[in-house]
Amino acid sequence: MLTTRARLNHDQVVTWLRRTDEVQLADLWRTADQVRQQHVGGEVHLRGLIELSNYCIRLCAYCGLRAPNQNVTRYRMSADEVLHCARQAVAFGYGTVVLQSGEDPGLKGDWMADLIRRIKVETPLAVTLSLGERSDEEFALWREAGADRYLLRFETSNRQLYDRIHPPRPGTESDRVAILRRLRELGYEVGSGVMIGIPGQTYDDLARDIALFGELDLDMIGVGPFLVHPDTPLGDPAFRPLVPDDDQVPSNELMTYKVIALARLMCPRANIPATTALATINKRNGRELGLVRGANVVMPNLTPPKYRVLYEIYPNKACIRETADGCFSCLEARIVSLGRDVGAGRGDSPNWQRRRDDPAGHSERNNVLGDRRE
Ligand code: SAM
Ligand code: SF4
433 MLTTRARLNH
443 DQVVTWLRRT
453 DEVQLADLWR
463 TADQVRQQHV
473 GGEVHLRGLI
483 ELSNYCIRLC
493 AYCGLRAPNQ
503 NVTRYRMSAD
513 EVLHCARQAV
523 AFGYGTVVLQ
533 SGEDPGLKGD
543 WMADLIRRIK
553 VETPLAVTLS
563 LGERSDEEFA
573 LWREAGADRY
583 LLRFETSNRQ
593 LYDRIHPPRP
603 GTESDRVAIL
613 RRLRELGYEV
623 GSGVMIGIPG
633 QTYDDLARDI
643 ALFGELDLDM
653 IGVGPFLVHP
663 DTPLGDPAFR
673 PLVPDDDQVP
683 SNELMTYKVI
693 ALARLMCPRA
703 NIPATTALAT
713 INKRNGRELG
723 LVRGANVVMP
733 NLTPPKYRVL
743 YEIYPNKACI
753 RETADGCFSC
763 LEARIVSLGR
773 DVGAGRGDSP
783 NWQRRRDDPA
793 GHSERNNVLG
803 DRRE
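By the working numbering, the letter at position 212 of the sequence shown is numbered 644, and the numbering carries on one by one without gaps.
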């Protein structure tokens, strides 16, 4: 039986990832839920998501927003439109807005800094950015302007697979792990994560991803199933890297819950959302199940519906036709149905708070899993 102080090694993590027995898995769900309660409490924090641009210069093999996809009508929101969404976030009682976009050089560094400043002056919101790989100067500028957090998934810790599905821009290297370390030095609350069931991703890879969450001492962890977009290279079976069937991680709901639960054991004080991708594969109660298996955050969408339909990273995304009001009421009801409370305030990650309040004392690692193989 797992305990809340369980220390799992690499092979044990792989064993959990391969398990399908419901009685055994109930033990994992229960432990992850207890660790969540102990370290981040019962509140569920709401982050208002604003998808501010779907322009993107990258060639990610998985994502519908990739530059060469001609079937996307591109948009970039104005600063006033973003501000309007931020005011809605305040009205709904959210503590955070997440500004997410494709990797869009049209979002100039100074323009973003100005937008962040306006949000910080006009509202009490925490500002999370998820704008892809940008320059060190821009990360520093946005932090000075008041940005609190940055999300950048490393997608997979398997370097070969990463290079295949996330090619670098010509003449550059894409090293998201190095960027995450720089963001941390700049004082950001740092979030990362992976897609689950990427073609070519093995159980060993996924166990190493979970170990890397701990090594990076992440403040936020976002994971979701890989979902096929037909207008991408991974939509073409001929492109998909092949691994033996028995090694390939499935991109399904159960695997997503297992990764959420193991991420909670690995990083007890991190904020972990029940993601939109999870809600997409189980629209009925995917979010709720995520929330009772380790997650403590949800991200209601604030993007105006006319833009929301164009931010199609994968097809049939959950909540694509809802209004901001609709998303808020629906998610609030789901949280209350679990007997949990909607979080008040900014909902900073307790892991980051500890680092801020006691930088020297933070040498004690976040993770409770240990004895990794590598
Ligand atoms: N452009 C920024 C970046 O790549 O970090 C932020 C936006 S990007 C759409 C956010 C995340 O969407 C990516 O990190 C990736 O994990 C996820 N994503 C993209 N395509 C996906 C797909 N087909 N299935 C599941 N998740 C996907
Ligand atoms: Fe662009 Fe991000 Fe999609 Fe890659 S995942 S194509 S960087 S929006």
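All residues carry an ideal CB built from backbone N, CA and C; glycine is no exception.
Cutoff 6 Å; reference residue 760; Cβ partners in own chain excluding five residues on either side: Locating residue 760 in the sequence shown gives position 328, where the first residue counts as 1. Within the same chain, Cβ atoms closer than 6 Å to the Cβ of residue 760 are found at 524, 732, the five residues on either side in sequence being excluded.
Residue 560 beta carbon near the ligand SAM (any heavy atom closer than 8 Å): Taking the first residue of the sequence shown as 1, we reach residue 560 at position 128. The answer is no for residue 560.
Integer-rounded CB distance, given that residue 481 should sit under 8 Å from residue 530: Counting from 1 along the sequence shown, the entry for residue 530 is found at position 98. Counting from 1 along the sequence shown, the entry for residue 481 is found at position 49. Indeed they touch by this definition, with Cβ atoms about 5 Å apart.
Nearest-angstrom Cβ-Cβ length linking residue 494 and residue 692, presumed shorter than 8 Å: As a first step, residue 494 is located in the sequence shown; it is residue number 62 there, counting from the start. As a first step, residue 692 is located in the sequence shown; it is residue number 260 there, counting from the start. Contact flag wrong, Cβ pair sits at about 20 Å.
With 16 other Cβ atoms within 10 Å as the buried cut-off, status of residue 489: As a first step, residue 489 is located in the sequence shown; it is residue number 57 there, counting from the start. Per the 10 Å Cβ criterion, exposed.
Residue 646: first and last residue of the uninterrupted alpha helix (DSSP H) it sits in: The residue labelled residue 646 in the question sits at position 214 within the sequence shown. Its alpha helix (DSSP H) spans residues 635 to 647.
Limits of the unbroken beta strand (DSSP E) element including residue 624: For the purposes of this step, residue 624 is identified with residue 192 of the sequence shown, where counting begins at 1. Note, residue 624: beta strand (DSSP E), 621 to 628.
Neighbourhood of residue 538 by C-beta, 8 Å cutoff - its chain only, sequence neighbours within 5 removed: For the purposes of this step, residue 538 is identified with residue 106 of the sequence shown, where counting begins at 1. Excluding positions up to five away in sequence, the list reads 485, 487, 508.
Pick from 678, 587, 618, 674 that is closest to residue 609, judged by C-alpha positions: Sequence index remark: in the sequence shown, residue 609 carries index 177 (1-based). That would be 587, whose Cα lies nearest to the Cα of residue 609.
Cβ distance (whole Å) where residue 750 is taken to contact residue 712 below 8 Å: Position 318 of the sequence shown, counting from 1, holds the residue named residue 750. Position 280 of the sequence shown, counting from 1, holds the residue named residue 712. About 4 Å; that satisfies the 8 Å criterion.
Beta-carbon proximity list for residue 682, same chain, < 6 Å, skipping 5 on both sides: As a position in the sequence shown, residue 682 is number 250, starting the count at 1. Correct list, in chain order: 629.
Sufficient close CB pairs (3 or more, under 8 Å) joining the region 616 to 625 to the region 588 to 597: In short, these stretches do not touch, since the Cβ pair count stays below three.
Ordered list of alpha helix (DSSP H) runs contained in the region 561 to 601, each at least 4 residues: 568 to 577, 591 to 597
Helix, strand or coil at residue 803 according to DSSP, with G and I counted as helix: Counting from 1 along the sequence shown, the entry for residue 803 is found at position 371. With a pLDDT of only 35 at residue 803, under the threshold of 50, the placement of this residue in the model should not be trusted, and no figure is reported.
Option in 789, 756, 727, 765 with minimal Cα separation from residue 467: One-based indexing of the sequence shown puts residue 467 at position 35. Nearest option by C-alpha distance: 727.
Cutoff 8 Å; reference residue 773; Cβ partners in own chain excluding five residues on either side: Residue numbering aside, residue 773 sits at position 341 when the sequence shown is read from its first letter. Hits under 8 Å: 474, 475, 476, 767.
Straight-line Cα distance separating residue 725 from residue 470: Your numbering for residue 470 matches position 38 in the sequence shown. Your numbering for residue 725 matches position 293 in the sequence shown. Each residue's alpha carbon lies about 13 Å from the other.
Distance between residue 747 and residue 756 (C-alpha atoms, nearest Å): Working through the sequence shown from its first residue, we reach residue 756 at position 324. Working through the sequence shown from its first residue, we reach residue 747 at position 315. Computed Cα separation, rounded: 20 Å.
Residue 614 Cβ short of 8 Å to the ligand SAM heavy atom set: Locating residue 614 in the sequence shown gives position 182, where the first residue counts as 1. No, since every heavy atom of the ligand SAM falls outside the 8 Å radius drawn around the Cβ of residue 614.
DSSP three-state assignment for residue 659, whether helix, strand or coil: For the purposes of this step, residue 659 is taken as the residue at position 227 of the sequence shown. Three-state DSSP puts residue 659 in coil, outside helix and strand.
Around the ligand SF4, Cβ to any heavy atom closer than 6 Å, ordered along the chain: 488, 490, 492, 495, 497, 498, 534, 535, 564, 745
Own chain residues within Cβ distance below 8 Å of residue 464, not counting five before or after: Here residue 464 corresponds to residue number 32 of the sequence shown, with the count starting at 1. For residue 464, where only same-chain residues beyond five positions count, the Cβ hits under 8 Å are 692, 693, 694, 696, 697, 725, 726.
Sub-9 Å separation of residue 654 and residue 685 beta-carbons: In the sequence shown, counting from the first residue as 1, residue 654 sits at position 222. In the sequence shown, counting from the first residue as 1, residue 685 sits at position 253. The answer is no: Cβ separation not under 9 Å.
Continuous beta strand (DSSP E) assignments of at least 3 residues falling wholly in the region 716 to 780: Complete beta strand (DSSP E) runs here, min 3: none at all.
Residue 783 in three-state terms, based on DSSP: Counting from 1 along the sequence shown, the entry for residue 783 is found at position 351. Looking at residue 783 - three-state DSSP - the assignment turns out to be helix.
Top-ranked residue by Cα proximity to residue 570, from 604, 558, 615, 553: Here residue 570 refers to the residue found at position 138 of the sequence shown. Nearest of 604, 558, 615, 553 to residue 570, Cα basis: 615.
Nearest-angstrom Cα separation, counted from residue 540 out to residue 437: Along the sequence shown, read from residue 1 onward, the residue named residue 437 stands at position 5. Along the sequence shown, read from residue 1 onward, the residue named residue 540 stands at position 108. In a straight line, the C-alpha of residue 437 is about 46 Å away from that of residue 540.
Start-to-end residues for the alpha helix (DSSP H) that takes in residue 483: Counting from one through the sequence shown, the residue named residue 483 turns up at place 51. Not the alpha helix (DSSP H): residue 483 falls in the beta strand (DSSP E), residues 477 to 485.
Cβ neighbour criterion (16 or more within 10 Å) applied to residue 636: Taking the sequence shown and counting its residues from 1, the one referred to as residue 636 is at position 204. With at least 16 other beta carbons inside 10 angstroms of its own, residue 636 counts as buried.
Residue 549 in three-state terms, based on DSSP: Position 117 of the sequence shown, counting from 1, holds the residue named residue 549. Reduced to three states, the DSSP call for residue 549 is helix.
Residue from 568, 446, 739 whose Cα sits closest to the Cα of residue 517: Against the sequence shown, residue 517 aligns to sequence position 85. In terms of CA proximity to residue 517, 739 leads the group 568, 446, 739.
Residue 532, enclosing beta strand (DSSP E) - first and last residue: Here residue 532 refers to the residue found at position 100 when the sequence shown is read from its first residue. It spans 528 to 533 - the beta strand (DSSP E) in which residue 532 sits, taken as one unbroken run.
Whole-number beta carbon distance between residue 663 and residue 496, since they are thought to touch under 8 Å: Here residue 496 corresponds to residue number 64 of the sequence shown, with the count starting at 1. Here residue 663 corresponds to residue number 231 of the sequence shown, with the count starting at 1. Indeed, because the Cβ distance is near 6 Å, the residues count as touching under 8 Å.
Start-to-end residues for the alpha helix (DSSP H) that takes in residue 610: Against the sequence shown, residue 610 aligns to sequence position 178. Residues 608 to 617.
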